[in-house]
Structure formats: C-alpha cells, structure tokens
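Following: one structure in structure tokens, then a few remarks.
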Amino acid sequence: MSAGSNLVRGCGWLVLGVMAALPSGTHPAHAVDEIQVYTGDIAEVGQFSIQHHFNYAFSGRKEPDFPGGLVPNRALNATPEFAWGVTDWFELGLYMPWAIDGGGHFLSNAFKLRTLIVTPNADKKNFFYGLNLEYDFPNAPFSQTHFAMEVRPIIGWRNEPWEFIINPIFDLGFGTLGDIDFVPAARLGRKIGEDFTLALEWYSEFGAPGAFLPLQQQQQQLFAVVDFNIGPIEVDFGIGYGLTSGSDRWLAKTILTYAVPVPGKSQEEKTSMKTPATMKSFMRQPSAVQLASDPFAGMR
C-alpha cells in the first residue's frame with residue numbers, strides 16, 4: 097500500500113501544520129452527530145453504500161456547549177452518509193447532518209465531505225491503520241465556525257474473535273472562534289457469530305491539547321454495543337452512560353448500513369472474497385509454468 101501509506105503520511109504532516117496554526121480554545125465548538133469508532137472497514141471498489149446514524153440523549157446536558165448552541169438534552173442528532181469505494185484503500189463520503197431539538201424543531205447542519213484511507217483488506221489483517229479526514233461546513237446552532245475538520249487516525253489489532261481499535265481524534269474549528277479538541281474513542285469487540293458482535297466503546301472529549309478541561313467538565317462516555325444483521329442491513333446499536341458531570345448521562349445510538357451490490361459481481365465472487373487469505377492459498381492450485389516464473393504463486 098505504498099501510495100496509500102505515502103498519502104497518509106502527507107496528510108498527517110499537513111494536519112500537524114494546520115493544528116499548529118490554530119488557536120487553542122478551551123470549549124467545544126460543535127455538536128456531535130456521529131457516535132462511531134472507525135474500524136478500518138471500507139467499501140469495495142466501485143461499491144456505493146448508504147448509512148444513517150441516529151443518536152438520542154434521553155438524559156443529557158441542559159446547557160449548550162457554546163452560546164446559542166444546540167442543547168443536548170432530549171435532542172436527536174442524525175446523519176445520512178453516502179460512501180463510494182474508489183480503490184481498495186481509498187473511499188469518498190458525503191454527510192448531510194440534521195437534528196431535532198428538545199422542542200421538536202428540525203435543524204439542518206448543511207453537509208460535510210469525507211476522505212478515508214485504510215490498509216487494504218483491513219478486516220483480514222492482525223494489524224491495520226488508516227486516516228479519515230472530514231471537511232465540515234456547519235450551520236448555527238451546531239457550530240461556532242463556518243468551516244471545521246475532523247482528523248481521525250485509525251489504529252487497530254484484530255485476531256479471531258477479538259478486535260481492539262483506537263481513534264485518537266482531533267476536531268479543528270477555523271476562524272476567530274476556532275479551536276482544537278482532542279476527542280479520542282476506542283472499541284473492544286468480540287465476535288460471537290458470523291454476523292453478531294458484542295463490544296464496549298469509549299468516547300471522550302478532553303478539550304484543547306495542552307489545556308485539558310478538569311475531569312468533571314470532560315465528556316467521558318461508555319457504550320455497550322451490539323452489531324448484527326437484519327437481511328442486507330447491518331445494525332449497530334448501543335446504550336451509553338456518562339461517567340462525568342460534564343457528560344450526557346444516558347444516550348442511545350443506532351447505525352444502519354446498506355451496501356449496494358457491485359454491478360456485475362456474481363455471488364461466487366462475493367463468497368470467495370470473504371474466504372480467509374490462508375484458505376484461498378490452500379485452495380489455489382498454481383500451474384508448473386506459474387511456479388517456475390513465480391515461486392510464491394498461489395501463496396498470495
């Protein structure tokens with residue numbers, strides 16, 4: 097993945113330069129519309145996927161994060177997301193966030209774009225990594241700025257049936273009220289069946305690097321999550337509990353995902369793609385000519 101690795105490094109240096117130029121605020125600059133740990137999953141080349149996030153605060157903070165901001169308590173935040181697999185390591189995405197506040201008012205949060213770079217076939221590797229960049233164009237009362245970014249590195253370890261994934265996320269706001277927030281997330285999951293996984297997910301908001309908020313003012317939340325399938329729909333459902341007084345106390349999240357079948361791909365091809373790499377090597381029978389020209393034929 098030389099092209100992808102070089103792009104990850106280049107984006108990383110660019111982001112560090114941008115972060116160094118931003119002021120360091122001490123208060124969050126935006127509302128959260130997505131509660132998810134990125135696991136390295138990516139759409140197949142040429143595949144289109146549709147995903148919808150729903151987050152609801154049953155018992156949330158009753159004050160906005162900034163003057164005029166959305167009050168989290170009894171608010172439903174939602175985000176339809178559309179993604180397209182460009183290569184086996186690069187995916188493009190489009191979000192159209194919206195919310196319904198505690199008073200029942202519908203609010204649109206414009207749109208944001210996403211570029212995701214990951215290790216190819218991350219779901220078959222013991223160690224994988226990636227970088228997700230989101231470019232936000234938010235409206236009030238979701239943000240104090242008119243342009244923002246999310247920088248989300250993805251670092252994961254996986255061996256059947258366990259996975260542990262870290263997203264050390266930085267949220268950047270640009271403009272006179274811009275700031276930097278360190279909002280890491282992590283996931284520990286255990287696969288119980290072919291399409292059934294139980295997980296614990298941790299989400300947080302520490303504040304600006306070098307000027308973290310006092311612990312009780314930070315957002316620290318722990319979610320119990322279950323992932324399963326209903327036909328072609330992938331479902332991620334979780335209940336979260338706030339561990340500090342600065343957190344929403346009780347939340348629920350649901351993510352529904354549908355991956356549109358790739359045109360022209362037969363069911364046999366789909367099945368073979370899910371076969372573990374070691375089994376594929378065993379099943380493949382290279383010819384004598386192939387072995388002569390490539391001693392590793394059949395082992396890739």
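Residues in the sequence shown are numbered from 97 upward in steps of one, following the working numbering.
The beta-carbon is built from N, C-alpha and C at its ideal position, and this holds for glycine as well.
Using 8 angstroms as the threshold, is the C-beta distance between residue i and residue j below it?
i, j, result
"residue 131", "residue 151", "yes"
"residue 170", "residue 156", "yes"
"residue 240", "residue 308", "no"
"residue 334", "residue 345", "no"
"residue 227", "residue 261", "no"
"residue 147", "residue 352", "yes"
"residue 266", "residue 247", "yes"
"residue 301", "residue 314", "yes"
"residue 263", "residue 134", "yes"
"residue 179", "residue 145", "yes"
"residue 305", "residue 278", "yes"
"residue 293", "residue 316", "no"
"residue 206", "residue 235", "yes"
"residue 191", "residue 208", "yes"
"residue 259", "residue 269", "no"
"residue 320", "residue 298", "no"
"residue 275", "residue 193", "no"
"residue 166", "residue 195", "yes"
"residue 318", "residue 342", "no"
"residue 223", "residue 348", "no"
"residue 215", "residue 285", "no"
"residue 257", "residue 220", "no"
So if DSSP puts residue i in a beta bridge, which residue, or which two residues, is it bridged to?
i, result
"residue 330", "325 and 353"
"residue 320", "296 and 335"
"residue 287", "293"
"residue 253", "223 and 260"
"residue 247", "229 and 266"
"residue 149", "175 and 351"
"residue 282", "262 and 298"
Using three-state DSSP, classify residue i as helix, strand or coil.
i, result
"residue 211", "strand"
"residue 311", "helix"
"residue 267", "strand"
"residue 218", "helix"
"residue 277", "strand"
"residue 204", "strand"
"residue 131", "coil"
"residue 155", "strand"
"residue 304", "strand"
"residue 166", "coil"
"residue 185", "coil"
"residue 239", "strand"
"residue 196", "strand"
"residue 393", "For residue 393, the predicted structure reports a pLDDT of 45, less than 50, and the residue's modelled location is therefore unreliable. A value from the coordinates is still provided. Residue 393: coil per DSSP, three-state reduction."
"residue 372", "In this predicted model, residue 372 has a pLDDT of only 40, less than 50, meaning its place in the structure is not dependable; the value taken from the coordinates is given anyway. Coil at residue 372, not helix or strand."
"residue 123", "Here residue 123 scores only 46 on pLDDT, less than 50, and its place in the model should not be relied on; the value that follows carries that caveat. In this structure, residue 123 counts as coil in the three-state DSSP scheme."
"residue 388", "Its pLDDT being 49, under 50, residue 388 is placed unreliably by the model, and nothing is read from it."
Could you check if residue i is buried or exposed, using at least 16 other CB atoms within 10 Å of its CB as the buried criterion?
i, result
"residue 332", "buried"
"residue 399", "An answer regarding residue 399 cannot be provided, because it is not within the stretch 97 to 396 covered by the chain."
"residue 272", "exposed"
"residue 210", "buried"
"residue 354", "exposed"
"residue 356", "exposed"
"residue 201", "exposed"
"residue 291", "exposed"
"residue 283", "buried"
"residue 359", "exposed"
"residue 326", "exposed"
"residue 186", "buried"
"residue 237", "buried"
"residue 181", "buried"
"residue 329", "exposed"
"residue 168", "buried"
Counting only beta-carbon separations shorter than 8 angstroms, does residue i have a partner in chain C?
i, result
"residue 343", "The question asks about chain C, but that chain is absent: this structure has only one protein chain."
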